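Residue 1265 is where the sequence shown starts when you use our numbering, and the numbers rise one by one after that. Everything below concerns the one structure shown next.
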Amino acid sequence: MHEGRWVVSRAWVRELTGASPATLARWYAQRHAQPQERRHPEIVDTVGTTHYFDQQAVESFWAAWQQDVGTGRLGAAGRKPGDGRGANGGVDRAQRDQAVRVALAALRGEGGYRRGLAVRLARDHGGVTRSWQRAVAEARALYEAEASGAATEGL
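Next up, the structure:
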């Protein structure tokens, strides 16, 4: 209690919302850019290094946030689920699949991996070298699976 009001820590807010510490920090840092009803409450008390917020204000903020932005707990910082390879169903995955096909064709044409392939593909086809490195890594896995499959078929 602080000045007759129930107060809660960020840990309590995290438990209520399911938000990550980074999301909580962002909500607080960007509170003045939000409409009043969706503005994260101000700190009402600090004990040591722990900040406390008015519980009623936090609950009002969270209710407004859920109504305007989304329902339920945030889960994994509100991000869309994916497989970690850009497979959120967007254009990026289609571009990656195309890059993997190009890299796989290059591997087949050269008879395997050669150092500098990603740099050469980036220069020839455009794009960032790191993206081509990822595509080459996926293509190498496919190429090696093909090669091991062909080796076992002949046995």
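Just so you know, even glycine gets a beta-carbon here, dropped at the ideal spot from N, CA and C. The structure displayed is predicted, hence computed values, not measured ones.
DSSP three-state assignment for residue i, whether helix, strand or coil
{"i": "residue 1311", "result": "strand"}
{"i": "residue 1295", "result": "helix"}
{"i": "residue 1302", "result": "helix"}
{"i": "residue 1284", "result": "coil"}
{"i": "residue 1267", "result": "coil"}
Expected contact under 8 Å - CB spacing of residue i and residue j to nearest Å
{"i": "residue 1367", "j": "residue 1409", "result": "That belief does not hold up - the Cβ atoms of residue 1367 and residue 1409 are roughly 14 Å apart, past 8 Å."}
When the options are compared against residue i, the one with the closest alpha-carbon
{"i": "residue 1307", "options": "1271, 1286, 1328", "result": "1271"}
{"i": "residue 1283", "options": "1376, 1403, 1389, 1330", "result": "1330"}
{"i": "residue 1332", "options": "1393, 1382, 1302", "result": "1302"}
{"i": "residue 1365", "options": "1387, 1402, 1375, 1268", "result": "1402"}
Given 8 Å as the limit, is there contact between the stretch 1273–1285 and the stretch 1302–1317, that is, 3 or more CB pairs closer than that? yes
Would you call the stretch 1358–1367 in contact with the stretch 1323–1333, where contact means no fewer than 3 C-beta pairs closer than 8 Å? no
Which runs of the alpha helix (DSSP H) spanning at least 4 residues fall entirely within the stretch 1355–1416, listed in chain order? 1355–1374, 1381–1389
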